[in-house]
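Student: Below is the structure I would like to discuss, written out as structure tokens.
Numbering (full-length UniProt numbering), first residue to last: 1 to 141.
Shown next as structure tokens:
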């Protein structure tokens, strides 16, 4: 009877060990499945998080740029000294000075003659015969 009890005890111990091994395998499969599910959801979440962070950085840069532009527009513009000074000569006096005769002999002047003078040159050049000496053309080129 002792031998039978020992055999029953060993068989009972083996059944318990087998049971724990099966439960351990089930638990390991469950852990692996859950781990795979977590990893499968983590990858897209991490990717989405990266995209959102990039978008946030771009928007921060854009905000900074716009703030700088706004500050530049609101800042009082310092005018150069030449622009802020008052004119010494009026526009009429300036034209009179520019239209003065080039020699002492020509006392009478008119704005039309003076300012039309350059146009006369242009008209003369355009209406002139445009044939040039080949040697002079070669020197000009």
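Ideal Cβ placement from N, Cα and C applies to all residues, glycine included.
Could you tell me the distance, in whole angstroms, from the CA atom of residue 47 to the CA atom of residue 60?
Tutor: Computed Cα separation, rounded: 20 Å.
Student: Taking only the alpha-carbon atoms, compute the straight-line gap between residue 39 and residue 30 and give it to the nearest angstrom.
Tutor: Each residue's Cα considered, the two are about 14 Å apart.
Student: Could you have a look at residue 133 and say whether DSSP puts it in helix, strand or coil?
Tutor: Three-state DSSP puts residue 133 in coil, outside helix and strand.
Student: Take the Cβ of residue 82 as the centre, count every other Cβ of all protein chains shown within 10 Å, and call the residue buried at 16 or more, exposed below.
Tutor: Confidence in residue 82 is poor, its pLDDT being 49 and thus under 50, which makes the residue's placement unreliable; the coordinate value appears in the next sentence. Counting Cβ neighbours within 10 Å, residue 82 comes out exposed, since fewer than 16 surround it.
Student: Taking the alpha helix (DSSP H) that residue 99 falls in, what are its first and last residues?
Tutor: Element bounds for residue 99: n/a, residue is neither H nor E.
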